[in-house]
Amino acid sequence: MAESHHLNEEPSRGTQHGRRASATSGGYNAPGSTHDLDSPDGARTSLNRPHPQNASGIPLKHERNPRHSRRASMTSHPGYDVPDTYTNLDETADVSPIQNPHEEPIHRFRSLEQTRAQEQEFVQEQKRHRQPPEPKKLEEAKYDVSRLLTQLYTISYLILFSILGTLARLGLQALTNYPGTPVIFTSIWPNFAGCLVMGFLSEDRMLFREAQPPTPSPPSHYTLASPLASAGSLTSFSAFIRDTFPRAGQRPPHQAHPLHYPPETAATASSRSSPSPLITLALSLSALFLGAHLAIALAPIMPSLHRTPHAWADRAAVPLAWGCWLGAVLLAALPPAGHAAWRGEVLFALVFAPLGCLVRFVVSLWLNGRVAAFPVGTFVVNVVGTAVLAAAWDLAHSGAVGGGAGEGVGVRVTVGCQVLAGVQDGFCGCLTTVSTWVGELAALRRRHAYVYGGASVLGGLAVVVAVMGGLRWSEGYESGACGCWVKVQPVTPRVLLIPVSAKPERFRRVLPVLLVTNQTSQSADVFARFCRARGLPTIYVCGSDQYGTATETKALSEGVDPATLCAKYHAIHKDIYDWFRLDFDVFGRTPTDEHTAIVQDIFTRLWNNGYIEQRETTQAYCPTHSSFLADRYVEGECSLCHDKGARGDQCDACGNLLDPLEPERDASGNQETKATGWLINPRCKLDGTAPEKRQTKHLYLRLDALQGEIEEWLKTVEKAWSANCVSITHSWLDQGLKPRGITRDLKWGVPIPTGLDGLSDEDYAKKVFYVWFHTIIFPASQLGTKENWTKIKAVSTCEYLNYEGGKFSKSKGVGVFGTNARDTGIDADIWRYYLLSRRPETSDSEFKWEEFVDANNNDLLKNLGNLCQRIIKFCQAKMDGVVPEYDLSKFPALQQHREEVEKLLQDYVAHLKAVKLRAGLSIVMNISGLGNKLLQDNKLSNQLIAEEPERCRAVIGIALNHIHLVAHLLSPYMPEKSQSILRQLGVKGPGGDGQDIPAQIPDTWEANDLKPGHAVGEPELLFANIPAAKIEEWREAFGGEELRKQKEIEAEKAAAKKAAREKEKEKRKLKKAAQAAQAAQAAEAGQGPTSTLPIHPGPPAQAAAKSNEPAEPPVQN
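The numbering of the sequence shown is the working numbering, which starts it at 42 and goes up by one.
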C-alpha cells in the first residue's frame, strides 16, 4: 500500500525502457516528467521551489501537463478512437506496483488517489475551457479504426480472455485439490496466479508497444483487456469469500465435484481453522509484486507486438471470441449424446463467464472514477457477485432445484444444477475479482487501503452469512441436492462405498432392524472409517429406498401421500443412524431428479441397444378405479392354508409365495404358476372390488442376452467378493439367466421415459420402474449401456443375525429395533461393538441378551476399560501426568512386546482390507489384552518405581503408546470411545480442544507416538457395569408377541397346576374335617371307638360290673 510523500527534492531523471513513461504514469519519478523540472534554457529549477498544490495537497504544476498529455494521447491513440471513459479502469491506472526498481535515494511514490484527483481536475478544466472544435482539428482527429470498431475489439477481447481465464481457473482448482493438499481453499491458487498475471501486465506493456513512436503507447483496448479479462477472470473474490465462510469449525462446502475433494488430514483441518482472508490476501499481494518484479527482470528480452500483429489480432479476435461463446452456448443447450459430464463441469461456466466479465467492465467504467479513495465499481461487483454466488449456492444445496434430466455418463445432474454451477463458476467468477482488488489495495494510500480492504471483506462476509448462513443454520444443506453429485466414471485410488441390503429397509417398516443396521450401514461405516484412517480419499454413500408397493401401501394405511410418508420416515431413519454414529458423506433418497435422470438414461441406452423387450401378461385389473393392481394391492384367502388375510405376493400365515389370481390352465389342463398358491375370492385392497383378468404390457431386461458379458466381467472381480456372494451369483448363472421384469403398475416410482422409438407412451403412462440392486441385475444394466461405467469391484455380504433362538420379526415385534436400542440407555458404541463382534460373515449368528451384557462387563469393562484406567491413573499419580523419558532397547521383554503388537497390527490391517471386520475387532481386543499382560508381567506398582525406576518408566512409556495405538485401531468400530481414550492421553484435535482427533492407522508401530514430556489428560470411566437383572428385563421387553403368548400359556399352565394342587389340598382338608366331625359325634354319644369282642361267662366281679351291682364275695367250699 503506497504512502504519498511530498518531498521537495529532485526526483530521479532516469527512465526505463519498456516501462510507462511520464506521459502515461510518471515513470518511477515524481508525478511530473523530468523535463518539467528543468527551466526553458536547460538550467535546473531550485530543489526548494515550492510546488503548487490543490486542496488535497497534491502537487499541480508537475502533474497537469502529463495528465493533459495522457488524456490527449488516450483520445488520439494512433489509429484507434479510444473512449475517454477507459481511463476509469483501475487496471490501467498510472500506478505501478514497483515504482522505484533501481532504489533511487530520493523518490516520490504515486497513489491511486493522485491519479483519480488529476482525472477529476482535468475533466473540470476541460469543462471550463470547452470551445467548439475547429474544422481543421476535426479533420486531424480522423482515425484508422472508428470508435465503434474499437469498442467491438475491446468487447471481443474481453469475451475471449474471460473464457480462457475461466478455463484456467477451473483447471487450477482441479490440479490443486489432491490427497494431502496443505491448503484446501478452492480459490487460493487461481487467485495467486491471477494476481501474478496482473502484476506482470501492470508493470510492463512491452507486448503492446507500437513500433513508432519509440515511447510506449498509452492504454488501448489491448492493454485494458489483458489484465481486466485474463487476470480478473482467473481470480474470484466471491469464491474466496465463500471459502472463508465455513472455516468456523465446520467442513468446507462440497465443491462442484465432490470426488475431487481431498481427505481430512491434520494439515487440511489446520488450514480450515486458519484465517482464510489473511492467507488469500498475503499470497495475492505477494503474487502481484512477484509479477511486477518478473516484468522488470524480463524487460530487456521482452518482445513487442507491433502495428501489423495488432491488426491481425483485432480481426481474429472478433470471430474467435464470439464463435467460442456461441459454441459453448450451443453445446450446453444441445450436448452430444453421452457427454453430459463435461457439460455440467465446464460448459455452463463458459456460457456465463463473458456476461460476468462484461458487467464488471461496464460497472468499472461507470463507478470507479467517482471516488478517488474508494474504488466503488470494484467494491460493488465484488459484493453483488458474492451475493449472487451465495444465492446460487443455497439453491443448489436446498433440494429445491428442478429441471430436465441430463444425459450421458459421468456426473448425472439436472439442468438446474448445471446452470447454478455455471452461475457460480462462470458469472460470479468473472464478475468478481481479486487481482484488481489487491492491485487497488497496493496503489491506495495506507489508510484508504485499510478502509477499502476491510469494507470489501466484511461486506462480502456479511452477505454470505445472511444468505448462506440462514439456510445452513435453519434447515441445513440437503444431502441429496446438487452438492452431492455422483461421479460414475473411474476414479482412483478413491474408495466409493455404497451399502446395499439384500432385503432393503423400506418404509413399511417404521424403524430399521439391527439386522439391517449391522449387515449393511454399520459394516460399511467401519470400512469407510478404516479407509479414511489409512489416508484413502473415501466417499460413503447411503440413503433410503423410498419407492415401491410397500411405500404406497403404508401411505394408504396412514392416510397420507407417499412423499409425506417418506419425508417422515427418512428423518426417523437418519436420526437413528446419527445416534449409531454412522458417518455418511451422502445420505440421499430415491425420489430425486438425479436418481430419475440416471435410471431413465440407463433404460434409454438399454432400449436403444436392444436389451429391453416387451411382454404381455395377465394381471389383476380393478374396474372401479380403472387401473392394474400390483400383487400387494390384491388380498384374499390363501389357497394353501386358507388364511383370510393373504396378499397377492405371499401369505404371512403359512409363509408361501402366492399369485394374486388363479393361474390359467394350459392345453393339457395343467396349471402354470410361478408361485405355489393363489388367492381365493381376491379383492382390491383399495375398494374391495373383485379384480378382473386383463392383458397388460410390461418391460423386461434381457439378462439372457447379457449372460456372456456378465460371466466375463465376474471373472475379473469375484476374487474380492465374499464366498456366499460368489456362490449365490453363480447359482443364478448356472441355471441360465432369464428376462426379468423391471416395471410395475404403481404411481410412486421412476416413470418410464417417453418419446422412444417403438415404445408406446400410452401403454406405460401408469407404470414405473421397479428394479433391485443386485450383483447381476445392476452390472448387467451397466454392461448393456455399452458405456465405461465404474462397476462393482468388491462386495462384502453377510448371513443372518437371529434373535434369542428365533428370528427378528418386525411384524411380530421380536427383536431390537433402532429406537429400542437407544431407549435401553446403553451407549451406541457398546451396541456397535457387540453387533460387529457377532457379525454373521460366514454363517448365521445370534443376538443374545446374556452375551450382550457379558460383552460389556468382561470384554470392554474388565479388559479395555481396566487397561486405560490403570495406566493413565498411574501416570497421573506417579509421573505428574507426563510421559517419562524411557529407553526400550535396554529391556528385551519390552522389545518383544512391541514386536508382538506390530505383528497383530499387520494382521488387523490385512483383515480390514479384506473386509473381515469381525476378525479385525477380535485383534483389537487381543492387543488390549496384551496391554494388560504387559502391566501384569512387569508388576507395575510403587515397588517397581522404588526398585527399578528405569524399567518402570519404560513400562509406562510403552503402555501409554500401546493405549494410543489401541484407540486408533478401535476408531472404526467405536468412534466415540476412541476419541475419549485419545483425550485422556492428552491428544488434541487440529483445531484444539473440542475438535475431533483424526484417526491414523499405521503399517508399523514403533511405540513412540507419545513423546517424553507429553502431558496426558485426566482419566475417565469408559464403561459401566450392566446389572445381570437387565437380561430378563430386556428379554421380556423385546421378545415380541410370541414370547408374550408363550409366557401367557406357561402362566395358564402354572395357574392350572396351582389350582389342582389347591383343590387336592382342599379335598384332603375336607376329608380330615369329616373324620374329625365323626369322632366328635361319637364322643358326644358316649361311645368311643371300641372293637367288638365275643361274649363269654365271666367271674362274679365281671358280672357285677356288667349289671352295675355290688359283687358278692366268692363262696369257699
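The beta carbon of each residue, even a glycine, is placed where N, CA and C say it ideally should be.
**Q.** Close Cβ partners of residue 1098 (< 6 angstroms) along its chain, the five nearest in sequence each way excluded
**A.** Working through the sequence shown from its first residue, we reach residue 1098 at position 1057. Counting only Cβ-Cβ distances below 6 angstroms, and skipping sequence neighbours, we find nothing.
Q. Do residue 873 and residue 1015 have their CB atoms nearer than 8 angstroms?
A. Numbered from its first residue, the sequence shown carries residue 873 at position 832. Numbered from its first residue, the sequence shown carries residue 1015 at position 974. Their beta carbons are under 8 angstroms apart, which means residue 873 touches residue 1015 by this criterion.
(Q) Please list the terminal residues of the continuous beta strand (DSSP E) segment that includes residue 580. (A) For the purposes of this step, residue 580 is identified with residue 539 of the sequence shown, where counting begins at 1. That run of the beta strand (DSSP E) goes 579-585.
Q: Go through its chain and collect everything with a Cβ distance to residue 666's Cβ below 6 angstroms, but skip five positions before and after it.
A: As a working mapping, residue 666 is identified with position 625 in the sequence shown. Here residue 666 has no same chain residue with a Cβ atom under 6 angstroms from its own Cβ, once five neighbours each way along the sequence are excluded.
Q.
When you compare the CB positions of residue 779 and residue 744, do they come within less than 8 angstroms of one another, or not?
A. The sequence position of residue 779 within the sequence shown is 738, counting from 1. The sequence position of residue 744 within the sequence shown is 703, counting from 1. For residue 779 and residue 744, yes; Cβs fall inside 8 angstroms.
Q) residue 279 and residue 473 look like a contact to me (Cβ under 8 angstroms); what is the Cβ gap, rounded to whole Å? A) The count along the sequence shown starts at 1 and reaches residue 279 at position 238. The count along the sequence shown starts at 1 and reaches residue 473 at position 432. Their Cβ separation, rounded to whole angstroms, is 4 angstroms, which keeps residue 279 and residue 473 in contact under 8 angstroms.
Q.
So residue 647 and residue 562 are supposed to be a Cβ contact under 8 angstroms. How far apart are they, rounded?
A. The count along the sequence shown starts at 1 and reaches residue 647 at position 606. The count along the sequence shown starts at 1 and reaches residue 562 at position 521. The pair is not a contact, with the Cβ atoms about 30 angstroms apart (cut-off 8 angstroms).
Q. In three-state DSSP terms, what is residue 621?
A. Within the sequence shown, the letter at position 580 stands for residue 621. Residue 621 falls in the coil class under three-state DSSP.
Q: Would you decide whether residue 433 is buried or exposed? Buried here means 16 or more other CB atoms lie within 10 Å of its CB.
A: Here the question's residue 433 lines up with position 392 in the sequence shown. Burial of residue 433 is indicated by the presence of at least 16 other C-beta atoms within 10 angstroms of its C-beta.
**Q.** Residues of its chain near residue 508, where Cβ-Cβ distance is below 7 angstroms and the 5 sequence neighbours each way are ignored
**A.** Residue numbering aside, residue 508 sits at position 467 when the sequence shown is read from its first letter. If we look at residue 508 and ignore the five residues flanking it on each side, its Cβ neighbours are 428, 431, 432, 435.
Q.
Quick check: residue 276 and residue 505, are their CB atoms within less than 8 angstroms of each other?
A. Looking up residue 276 in the sequence shown gives position 235. Looking up residue 505 in the sequence shown gives position 464. With a cutoff of 8 angstroms on beta-carbon distance, residue 276 and residue 505 are scored as not near each other.
Q) Per DSSP, residue 1117 is paired with what? A) By 1-based counting over the sequence shown, the position of residue 1117 is 1076. Beta-bridge partners assigned by DSSP to residue 1117: none are found.
Q | Cβ neighbours of residue 1058 in the same chain (closer than 7 angstroms, five flanking residues each side left out) | A | For the purposes of this step, residue 1058 is identified with residue 1017 of the sequence shown, where counting begins at 1. Excluding sequence positions up to five before and after residue 1058, its CB lies within less than 7 angstroms of the CB of 1024, 1025, 1026, 1027, all in the same chain and listed in chain order.
Q: Tell whether a beta-carbon distance below 8 angstroms holds between residue 274 and residue 480.
A: Residue numbering aside, residue 274 sits at position 233 when the sequence shown is read from its first letter. Residue numbering aside, residue 480 sits at position 439 when the sequence shown is read from its first letter. No, these two residues do not count as a Cβ contact at 8 angstroms.
Q) When DSSP builds the beta bridges, which residues end up paired with residue 241? A) For the purposes of this step, residue 241 is identified with residue 200 of the sequence shown, where counting begins at 1. In the DSSP output, where bridge partners are listed per residue, residue 241 has none listed.
Q.
On the DSSP letters alone, give me the boundaries of the alpha helix (DSSP H) that residue 946 sits inside.
A. Walking along the sequence shown from the start, residue 946 turns up at place 905. Annotation: the continuous alpha helix (DSSP H) that includes residue 946 extends over 933-954.
(Q) Assuming residue 1022 is part of the alpha helix (DSSP H), what are its boundary residues? (A) Start at 1 with the first residue of the sequence shown, and residue 1022 comes out as number 981. Boundaries of the alpha helix (DSSP H) harbouring residue 1022: 1016-1025, taken from the DSSP string.
Q. Near residue 211, what residues of its chain come up, given a Cβ to Cβ distance below 8 angstroms and the 5 sequence neighbours on each side ignored?
A. Locating residue 211 in the sequence shown gives position 170, where the first residue counts as 1. Around residue 211, the same chain offers 386, 387, 390, 466 as residues with beta carbons nearer than 8 angstroms, after the five sequence neighbours per side are excluded.
(Q) Going by the DSSP bridge assignment, what does residue 888 pair with across the sheet? (A) Position 847 of the sequence shown, counting from 1, holds the residue named residue 888. Under DSSP, the beta-bridge partners assigned to residue 888 are 844.
Q: Less than 8 angstroms between the CB atoms is what I'm expecting for residue 740 and residue 784, so what's the real figure, rounded?
A: Here the question's residue 740 lines up with position 699 in the sequence shown. Here the question's residue 784 lines up with position 743 in the sequence shown. About 5 angstroms separates the two Cβ atoms, so the contact holds.
Q. Taking buried to mean at least 16 other C-beta atoms within 10 Å of its own C-beta, is residue 353 buried or exposed?
A. Position 312 of the sequence shown, counted from the first residue, corresponds to residue 353. Exposed, by the Cβ-count rule.
Q: Throw me the rounded Cβ distance for the residue 950 and residue 1042 pair, which I believe falls under 8 angstroms.
A: In the sequence shown, the residue the question calls residue 950 occupies position 909. In the sequence shown, the residue the question calls residue 1042 occupies position 1001. Residue 950 to residue 1042, Cβ: 7 angstroms. Contact.
Q: Could you tell me the boundaries of the alpha helix (DSSP H) in which residue 425 lies?
A: Sequence index remark: in the sequence shown, residue 425 carries index 384 (1-based). DSSP places residue 425 in the uninterrupted alpha helix (DSSP H) bounded by 417-437.
Q. If you draw a straight line from the C-alpha of residue 918 to the C-alpha of residue 910, how long is it?
A. Translated into the one-based positions of the sequence shown, residue 918 becomes position 877. Translated into the one-based positions of the sequence shown, residue 910 becomes position 869. Cα to Cα, residue 918 sits roughly 12 angstroms from residue 910.
Q) What first and last residue would you give for the alpha helix (DSSP H) that runs through residue 215? A) Mapped onto the sequence shown, residue 215 falls at position 174. That run of the alpha helix (DSSP H) goes 188-216.
Q) Hey, out of 876, 823, 810, whose CA is closest to residue 841's CA? A) In the sequence shown, residue 841 corresponds to position 800, counting from 1. Residue 841 has its Cα closest to that of 876, out of 876, 823, 810.
Q | Sequence-distant residues of its chain with Cβ nearer than 7 angstroms to residue 478 (five each side left out) | A | Stepping through the sequence shown from its first residue, residue 478 is reached at position 437. Cβ within range, chain order: 278, 419, 423, 497.
(Q) Using a Cβ-Cβ cutoff of less than 8 angstroms, which residues in the same chain neighbour residue 719 once the five nearest sequence positions on both sides are dropped? (A) Translated into positions along the sequence shown, residue 719 becomes position 678. Residues of the same chain with a CB within less than 8 angstroms of the CB of residue 719, apart from the 5 flanking positions on each side, are 680, 699, 700, 701, 702, 703, 704 in chain order.
Q: At 4 residues or longer, and completely inside the segment 481-507: list those alpha helix (DSSP H) runs for me, N to C.
A: Counting only runs of 4 or more residues that sit fully inside the segment 481-507, no alpha helix (DSSP H) segment turns up.
Q | DSSP three-state assignment for residue 632, whether helix, strand or coil | A | For this step, residue 632 is matched to residue 591 along the sequence shown. For residue 632, the three-state secondary structure derived from DSSP is coil.
Q. Are residue 331 and residue 216 closer than 8 angstroms when you measure CB to CB?
A. Residue mapping note: residue 331 aligns to position 290 of the sequence shown, counting from 1. Residue mapping note: residue 216 aligns to position 175 of the sequence shown, counting from 1. Contact flag unset, no.
Q. With distances taken between CB atoms, is the gap from residue 695 to residue 628 smaller than 8 angstroms?
A. Along the sequence shown, read from residue 1 onward, the residue named residue 695 stands at position 654. Along the sequence shown, read from residue 1 onward, the residue named residue 628 stands at position 587. Note that the C-beta distance between residue 695 and residue 628 is not below 8 angstroms.
Q | At least three beta-carbon pairs within less than 8 angstroms, the segment 565-576 to the segment 1002-1016 | A | Yes, the segment 565-576 is in contact with the segment 1002-1016.
Q.
Using CA atoms only, rank isn't needed, just tell me which of 190, 334, 651 is closest to residue 798.
A. To locate residue 798, count along the sequence shown from 1; it is residue 757. The residue from 190, 334, 651 with its alpha-carbon nearest to that of residue 798 is 651.
Q) So what does residue 792 bridge to, in DSSP terms? A) Against the sequence shown, residue 792 aligns to sequence position 751. Answer by DSSP bridge pairing, in chain order: 809.
Q: Would you mind working out which of 941, 898, 886, 1003 sits nearest residue 959, comparing C-alpha positions?
A: The residue labelled residue 959 in the question sits at position 918 within the sequence shown. With distances taken between Cα atoms, residue 959 lies closest to 886.
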